[in-house]
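Participant: Below you will find the structure I want to go over with you.
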Amino acid sequence: MPVSAEEFRQGMRRLGGAVNIVTAADGDVWAGLTATAVTSLSAEPPRLLACINRQGGTYDIVSRGRTLAVNVLGSAHKDLAMRFAGLSGEPETERFSDGDWETAVTGAPLLRDALVGFDCRVESILDAGSHAIVIGNIEAVRSLSDQVAAPLCYMDGKWATLAPLG
Numbered sequence: 003m004p005v006s007a008e009e010f011r012q013g014m015r016r017l018g019g020a021v022n023i024v025t026a027a028d029g030d031v032w033a034g035l036t037a038t039a040v041t042s043l044s045a046e047p048p049r050l051l052a053c054i055n056r057q058g059g060t061y062d063i064v065s066r067g068r069t070l071a072v073n074v075l076g077s078a079h080k081d082l083a084m085r086f087a088g089l090s091g092e093p094e095t096e097r098f099s100d101g102d103w104e105t106a107v108t109g110a111p112l113l114r115d116a117l118v119g120f121d122c123r124v125e126s127i128l129d130a131g132s133h134a135i136v137i138g139n140i141e142a143v144r145s146l147s148d149q150v151a152a153p154l155c156y157m158d159g160k161w162a163t164l165a166p167l168g
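Going by our numbering, the sequence shown opens with residue 3, and the numbers climb by one from there.
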């Protein structure tokens with residue numbers, strides 16, 4: 003018997019993940035969303051992938067503008083993560099009114115105080131049902147290496163962070 007969508011969702015809730023804001027630009031139009039489905043793909047050449055819902059405005063901007071930035075969030079960014087997840091009530095067009103944003107080399111928005119920001123040009127977009135797998139060639143990496151901050155994580159419907167075990 004196949005796994006139901008609800009069984010799948012409940013199982014995936016137990017898979018904790020780093021919280022990121024994935025952003026894109028098409029000219030002067032910016033878009034972004036909160037995502038945990040982001041991972042490295044290869045070191046040579048430097049690439050990452052992000053899974054993006056095809057129903058949202060961010061997917062349209064990624065498709066047209068062919069830019070992508072992944073902003074890895076620290077625990078202090080919980081409210082910003084909620085805003086970009088659509089959980090704080092602001093319309094999608096107002097998401098960038100909070101946070102300190104700059105324009106990356108590709109034109110995509112980078113959060114100045116993100117733990118790390120990956121600026122990418124879109125290599126390819128693969129259809130994966132309700133989502134798209136976006137593969138980005140990393141053009142620049144901006145890291146807050148002089149600051150130690152706890153990463154923002156999400157698991158089982160709750161915000162969390164990590165601490166060293168020993």
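Note that the Cβ used here is the ideal one computed from N, Cα and C, for glycine as well.
1. With distances taken between CB atoms, is the gap from Y156 to V21 smaller than 8 Å?
2. Suppose the cutoff is 8 Å on Cβ atoms and the five residues either side in sequence are ignored; what does the same chain contact list for R15 look like?
3. Could you tell me the alpha carbon to alpha carbon distance between G170 and A26, rounded to whole angstroms?
4. Report all residues from its chain with a CB closer than 8 Å to the CB of F86; omit the five preceding and five following residues, and keep chain order.
5. Whole-angstrom Cβ separation of T69 and A130, contact assumed at under 8 Å?
6. Under three-state DSSP, which class holds A106?
7. Taking only heavy atoms of the ligand ATP into account, decide whether any of them is closer than 7 Å to the Cβ of T95.
8. Under DSSP, the beta strand (DSSP E) around A162 begins and ends at which residues?
9. Tell me the rounded alpha-carbon separation between P93 and S99.
10. Less than 8 Å between the C-beta atoms of A52 and V118, yes or no?
11. By DSSP, does L114 sit in helix, in strand, or in coil?
12. Could you tell me if L154 is buried or exposed, where buried requires 16 or more neighbouring beta carbons within 10 angstroms of its beta carbon?
13. Between the Cα of T108 and those of G101, D28, A152, spot the shortest distance and give me the residue it belongs to.
14. According to DSSP, is S132 helix, strand or coil?
15. Roughly how many angstroms lie between the CA atoms of I140 and N73, to the nearest whole one?
Facilitator: Once the coordinates are examined:
1. yes
2. M157, D158, G159
3. Since the displayed the chain opens at 3 and closes at 168, residue 170 lies outside it and no answer follows.
4. I23, G34, L35, T36, R97
5. That pair is no contact at about 20 Å.
6. coil
7. Annotation note on the ligand ATP: not contained in the displayed structure, which lists no ligands.
8. 160-163
9. 11 Å
10. no
11. Checking the displayed sequence, the identity of residue 114 turns out to be Arg instead of Leu. Coil at R114, not helix or strand.
12. buried
13. D28
14. coil
15. 13 Å
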